[in-house]
Amino acid sequence: MKMKKIYYLKTCDTCRRILKEMDTTGFVLQEIKTEPITVKQLEELFALTKSYEALFSKRAKKYKQMDLKNQSLTEKDYRQLILDEYTFLKRPVIVVNNKVFAGNTKKDITA
């Protein structure tokens, strides 16, 4: 499955900056607030990353509000949290030919 896709949030300044800096020609853009990630899409990302935790944003405000850092979360928990609340998906998530780059660290952006 060759695919070029970006999951992003239009209210996220970092996402906007990254999208502006890269050539998004040929990419399918999915704005996760208006078009939430589906179970199938999340499963596809998991198949490529082998980890829901890798796709999970620990910077989300709700992560602190829900006191999740003091709980021991399983992969199943991460999966459910991402499906329940779009802000828990690390962003942007960029998929290029079966490689997934989640988040906005300099290393991921450069790659």
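With the first letter of the sequence shown counted as 1, position 72 gets the number 237 in this note's numbering; the numbers rise by one all the way through. By construction, the Cβ of each residue, glycine as well, lies at the ideal position given by its N, Cα and C atoms.
Contact set for residue i: own chain, Cβ-Cβ below 6 angstroms, skip 5 residues either direction
i    : result
Q195 : Y172
D178 : none
M168 : V260
V193 : K170
Contacting residues, own chain, Cβ-Cβ under 7 angstroms from residue i (five flanking each side not counted)
i    : result
P201 : Y251
Residue environment, residue i, which counts as buried when at least 16 other CB atoms sit within 10 Å
i    : result
K175 : exposed
S222 : buried
K198 : exposed
Residue i (DSSP reduced to helix, strand or coil)
i    : result
M166 : In this prediction, M166 scores a pLDDT of 49, lower than 50, which makes its location untrustworthy; the coordinate-derived value is nonetheless stated afterwards. Coil.
K241 : helix
K234 : helix
Beta-bridge partners of residue i, as assigned by DSSP
i    : result
F221 : L254
L194 : I171
Sequence-distant residues of its chain with Cβ nearer than 8 angstroms to residue i (five each side left out)
i    : result
F211 : Y217, L220, R244
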